[in-house]
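Enquirer: With full-length UniProt numbering as the guide, the letters of the sequence shown map in order to residues 1 to 294. Built from N, CA and C at the ideal position, the CB exists for glycine as well.
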Amino acid sequence: MATTAPAAHRCSYEDYEATAKWLGSQTEQRPKMAIICGSGLGGLAEQLENRVVIPYRDIPNFPQTTVVGHQGQLVFGTLEGHQCVCMQGRFHTYEGYDVNQVTYPVRVFSLLGVRTLVVTNAAGGLNSSFSVGDIMLIKDHINLPGLVGNNPLCGPNDDRFGERFLCTSDAYDCDLLALAQQTVEKQGIRASVHQGVYCMVSGPTYESIAEGRALRTLGADAVGMSTALEVVVARHCGLRVLGFSLITNKVVTDDRTLKANHAEVLVADNNRAQDLQGLVRGILAQMSVDPEDL
Ligand SMILES: O=P(O)(O)O[C@@H]1C[C@H](O)[C@@H](CO)O1
Ligand code: HPA
């Protein structure tokens, strides 16, 4: 009989360490920043200088991507003076991965020396003032899977990563959010950029009309199928987090003739991914570079 969630895939500290050590042997770059590229948003990784590309299939213990719009490789390189590692493709629970596999790379990055995580995603807009192609700076999230027990911090706590009970009221870094907002003003793109609350659902179904309405009532401005689990694990290991949603479709909350689909998500990404890339680059350009990173 089908189960609601795949059996927990336990990863030991030694597994994460082995992956980090292997990656460290493939490049001399030691990024302080990791960027997770959402569906159709992998173009940011193409902009890195001095690129070192490592397919997920070559990386010990790494899951594989199965979703169109997720390439399945790590790209190391420099962006606006910052040494970065980009995930061109992330993992989702709807692919059959459990919460430990979905968040596996985040702990590996932390062991590699990463201190800041930038997360991006494609999301459906719930806030009626959002338009397709707008960008949402994530100021908070509703981790629906986590709230009902599918939380990557369930199970034995490894103190080497972080504490047992994690506070998430400060999950999205205030200073980075302020810097992002300043960059929005500087770039003159205020009309199409909003701050808001991202709600993670497990997917792969897009929301029914009743679900869309319920999520809006809960206080979500956008909904997607990723990000919150990665952010929880990143905060557990002490990383600073900055998050962006590209609004790729409007969640259907009344008109039954409208139907969300992944092709529509990728088309919106194609059209507007460059805006998001420009914003991320603008923010990085204003962030001071750690002298050790040079
Ligand atoms: O990886 P992200 O969250 O950007 O991908 C979103 C959620 C689903 O994977 C897919 C739905 O179209 O896009
Ligand atoms: O409408 C949506 N719902 C959930 N996830 C999504 N990812 C892109 N669009 C959506």
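Give the single residue among G113, Y104, S208, K139 whose Cα lies nearest to the Cα of K250.
Expert: The count along the sequence shown starts at 1 and reaches residue 250 at position 250. K250 has its Cα closest to that of S208, out of G113, Y104, S208, K139.
Enquirer: Quick check on this structure: which residue in V114, T248, S39, L23 has the alpha carbon closest to the alpha carbon of Q88?
Expert: Taking the sequence shown and counting its residues from 1, the one referred to as residue 88 is at position 88. Taking only the C-alpha atoms, the option nearest Q88 is S39.
Enquirer: Between R107, Q274, P152, P60, which lies nearest to F161 when the distance is taken from Cα to Cα?
Expert: The sequence position of residue 161 within the sequence shown is 161, counting from 1. With distances taken between Cα atoms, F161 lies closest to R107.
Enquirer: Would a C-beta distance cut-off of 8 Å place N151 and V99 closer than the cut-off?
Expert: Mapped onto the sequence shown, residue 151 falls at position 151. Mapped onto the sequence shown, residue 99 falls at position 99. Result yes, Cβ atoms of N151 and V99 sit closer than 8 Å.
Enquirer: Please list the terminal residues of the continuous alpha helix (DSSP H) segment that includes A20.
Expert: Locating residue 20 in the sequence shown gives position 20, counting from the first residue. Element bounds for A20: 13–26.
Enquirer: Quick one: Cα of D159 to Cα of L23, how far?
Expert: Here the question's residue 159 lines up with position 159 in the sequence shown. Here the question's residue 23 lines up with position 23 in the sequence shown. C-alpha separation (whole angstroms): 23 Å.
Enquirer: Closest to G72 by C-alpha separation, out of Y56, R281, Q101, would be which residue?
Expert: In the sequence shown, the residue the question calls residue 72 occupies position 72. For G72, the nearest C-alpha among the options comes from Y56.
Enquirer: Quick one: Cα of A2 to Cα of E28, how far?
Expert: Sequence index remark: in the sequence shown, residue 2 carries index 2 (1-based). Sequence index remark: in the sequence shown, residue 28 carries index 28 (1-based). At A2, the pLDDT of 45 sits below 50, so the modelled position is not reliable; the number obtained from the coordinates is stated separately. Cα-Cα distance, rounded: 45 Å.
Enquirer: Check for me: the alpha helix (DSSP H) holding G146 runs from which residue to which?
Expert: Stepping through the sequence shown from its first residue, residue 146 is reached at position 146. Here the alpha helix (DSSP H) through G146 covers 144–147.
Enquirer: Just to confirm, are L246 and L276 a CB contact at a threshold of 8 Å?
Expert: Locating residue 246 in the sequence shown gives position 246, where the first residue counts as 1. Locating residue 276 in the sequence shown gives position 276, where the first residue counts as 1. Cβ distance < 8 Å, so L246 and L276 count as in contact.
Enquirer: Less than 7 Å between the CB of S208 and some heavy atom of ligand 1, yes or no?
Expert: For the purposes of this step, residue 208 is identified with residue 208 of the sequence shown, where counting begins at 1. No.
Enquirer: Measure the alpha-carbon distance for R235 versus A273 and round it to whole angstroms.
Expert: In the sequence shown, counting from the first residue as 1, residue 235 sits at position 235. In the sequence shown, counting from the first residue as 1, residue 273 sits at position 273. When rounded, the distance between both Cα atoms is 26 Å.
Enquirer: Mind checking whether the beta-carbon of G243 lies closer than 7 Å to any heavy atom of ligand 1?
Expert: The sequence position of residue 243 within the sequence shown is 243, counting from 1. It does not: the Cβ of G243 is nowhere closer than 7 Å to a heavy atom of ligand 1.
Enquirer: Taking a contact to mean a Cβ-Cβ separation below 8 Å, would you say N61 touches T19 in this structure?
Expert: Sequence index remark: in the sequence shown, residue 61 carries index 61 (1-based). Sequence index remark: in the sequence shown, residue 19 carries index 19 (1-based). Yes; because the gap between Cβ atoms is below 8 Å, this pair is in contact.
Enquirer: Against chain C, with Cβ distances strictly below 8 Å, would K186 count as a contact?
Expert: Going by chain labels, chain C is absent from the structure shown, which holds only one protein chain.
Enquirer: With a Cβ-Cβ cutoff of 8 Å, do A45 and T248 count as a contact?
Expert: What you label residue 45 is simply residue 45 of the sequence shown in a count that begins at 1. What you label residue 248 is simply residue 248 of the sequence shown in a count that begins at 1. Not a contact, by the Cβ cut-off of 8 Å.
Enquirer: If you draw a straight line from the C-alpha of N157 to the C-alpha of T257, how long is it?
Expert: Indexing the sequence shown from 1 puts residue 157 at position 157. Indexing the sequence shown from 1 puts residue 257 at position 257. Near 47 Å, if we compare the C-alpha coordinates of T257 and N157.
Enquirer: Would you check whether ligand 2 has a heavy atom nearer than 7 Å to the C-beta of V102?
Expert: Taking the first residue of the sequence shown as 1, we reach residue 102 at position 102. Every heavy atom of ligand 2 is 7 Å or more from the Cβ of V102, so no.
Enquirer: Can you look up residue 309 in the DSSP assignment and give me helix, strand or coil?
Expert: It is not possible to answer for residue 309, since the shown part of the chain is limited to 1 through 294.
Enquirer: Determine the closest residue to D255 out of E17, A210, R240, E49, with distance taken between C-alpha atoms.
Expert: Taking the first residue of the sequence shown as 1, we reach residue 255 at position 255. Minimum Cα distance to D255 is reached at A210.
Enquirer: Considering just the uninterrupted stretch of the beta strand (DSSP E) at E49, what are its terminal residues?
Expert: Residue mapping note: residue 49 aligns to position 49 of the sequence shown, counting from 1. Run containing E49: 49–55, per the beta strand (DSSP E) assignment.
Enquirer: Check R151 in the structure and name its three-state DSSP category.
Expert: By 1-based counting over the sequence shown, the position of residue 151 is 151. Here the sequence assigns Asn to residue 151, which means Arg is not the residue at that position. Looking at N151 - three-state DSSP - the assignment turns out to be coil, as it is neither helix nor strand.
Enquirer: Check whether the Cβ of N249 sits closer than 7 Å to any heavy atom of ligand 2, and report yes or no.
Expert: Within the sequence shown, residue 249 is the residue found at index 249, counting from 1. Indeed, a heavy atom of ligand 2 lies less than 7 Å from the Cβ.
Enquirer: Looking only at its chain, what residues have a beta carbon closer than 6 Å to the beta carbon of F130, apart from the 5 residues adjacent to it on each side?
Expert: The count along the sequence shown starts at 1 and reaches residue 130 at position 130. Closer than 6 Å at the Cβ level, and outside the excluded window around F130, lie I247.
Enquirer: Sort out for me which residues DSSP pairs H194 with in a bridge.
Expert: Position 194 of the sequence shown, counted from the start, is the residue given in the question as residue 194. BP columns for H194 point to M136.
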